[in-house]
Amino acid sequence: DTGVSQNPRHKITKRGQNVTFRCDPISEHNRLYWYRQTLGQGPEFLTYFQNEAQLEKSRLLSDRFSAERPKGSFSTLEIQRTEQGDSAMYLCASSADSYNYGYTFGSGTRLTVV
Amino acid sequence: AQSVSQHNHHVILSEAASLELGCNYSYGGTVNLFWYVQYPGQHLQLLLKYFSGDPLVKGIKGFEAEFIKSKFSFNLRKPSVQWSDTAEYFCAVNPTGGKSTFGDGTTLTVKP
Numbered sequence: 117d118t119g120v121s122q123n124p125r126h127k128i129t130k131r132g133q134n135v136t137f138r139c140d141p142i143s144e145h146n147r148l149y150w151y152r153q154t155l156g157q158g159p160e161f162l163t164y165f166q167n168e169a170q171l172e173k174s175r176l177l178s179d180r181f182s183a184e185r186p187k188g189s190f191s192t193l194e195i196q197r198t199e200q201g202d203s204a205m206y207l208c209a210s211s212a213d214s215y216n217y218g219y220t221f222g223s224g225t226r227l228t229v230v
Numbered sequence: 182a183q184s185v186s187q188h189n190h191h192v193i194l195s196e197a198a199s200l201e202l203g204c205n206y207s208y209g210g211t212v213n214l215f216w217y218v219q220y221p222g223q224h225l226q227l228l229l230k231y232f233s234g235d236p237l238v239k240g241i242k243g244f245e246a247e248f249i250k251s252k253f254s255f256n257l258r259k260p261s262v263q264w265s266d267t268a269e270y271f272c273a274v275n276p277t278g279g280k281s282t283f284g285d286g287t288t289l290t291v292k293p
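Protein chains in written order, with my numbering: chain R, 117 to 230; chain W, 182 to 293.
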């Protein structure tokens, strides 16, 4: 499978716990994006990387959220001290350098905070 | 900041009907525009894109979209829908080469 891979597919956690998600992009793609999607809404931007550099982070993003992309390959998104409002689908996408190629999305990680 | 508006939240059509889904964006400069589709149980995938040239662009499965700069619009069309077109459709704008901003989507239900 040469698409974007996200793990786990589903995560149920108790409020206050930390969670970490992983994204493996298409190997030739330098750019990697994290979005969050809730029911009835479109994907909401969280952050993105070009290679290992984090180029932008949403101002709406709490400091409980952090993302890394060591060595410019896979990426992790960590949420500390989860809250019920963090329950959502977390989407990862990748693209080539040029922004007119569009994104290739993964299947997402569905987080439920109980 | 840019924004994207999709006015139709839910559209219901019979097979063979024509489809037009609206998308308007707010941004004054040069933009790249996209339509993505999410079929039931599947991930988002690119349907078509515009970045320059002919404002009428064609995508997969018979879809097309027209960029009208003066109206800040990028509407999606298909002359004759099929039951298999039932899905959620998202419009997105990328003006800066960084992130894309997505609309809230339109759910299309095609009745057989």
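Heads up, the beta-carbon is just placed ideally off N, CA and C, and yes, glycines get one too.
In this text, all values refer to a predicted model and were calculated from it rather than measured experimentally.
Mapping DSSP to helix, strand and coil, what is residue i?
| i | result |
| --- | --- |
| residue 217 of chain R | helix |
| residue 280 of chain W | coil |
| residue 140 of chain R | strand |
| residue 251 of chain W | helix |
| residue 242 of chain W | helix |
| residue 187 of chain R | helix |
| residue 200 of chain R | helix |
| residue 208 of chain R | strand |
| residue 233 of chain W | coil |
| residue 122 of chain R | strand |
Between the Cα of residue i and those of the options, spot the shortest distance and give me the residue it belongs to.
| i | options | result |
| --- | --- | --- |
| residue 198 of chain R | R:121, R:128, R:119, R:150 | R:128 |
| residue 241 of chain W | W:233, W:257, W:253 | W:257 |
| residue 243 of chain W | W:225, W:199, W:184 | W:199 |
| residue 155 of chain R | R:203, R:142, R:184, R:178 | R:203 |
| residue 225 of chain R | R:119, R:131, R:138 | R:138 |
| residue 190 of chain R | R:142, R:126, R:134, R:130 | R:142 |
Any beta-carbon of chain W closer than 9 Å to the one on residue i?
| i | result |
| --- | --- |
| residue 157 of chain R | yes |
| residue 209 of chain R | yes |
| residue 132 of chain R | no |
Please confirm if residue i has its CB atom under 9 Å from at least one CB of chain R.
| i | result |
| --- | --- |
| residue 268 of chain W | no |
| residue 208 of chain W | no |
| residue 257 of chain W | no |
Looking at the strands, I want to know which residues DSSP matches up with residue i.
| i | result |
| --- | --- |
| residue 289 of chain W | W:192, W:268 |
| residue 178 of chain R | DSSP output for residue 178 of chain R lists no bridge partner at all. |
Q | Residues from the stretch 281-292 of chain W in contact with chain R, defined by Cβ distance under 8 Å | A | 281, 282, 283, 284, 285, 286
Q.
Give me the subset of the stretch 165-184 of chain R whose CB atoms are less than 7 Å from a CB atom of chain W, sorted by chain position.
A. 171, 172
Q: Please list the residues of the stretch 227-240 of chain W that have a C-beta atom closer than 7 Å to any C-beta atom in chain R, keeping them in chain order.
A: 227, 230, 232
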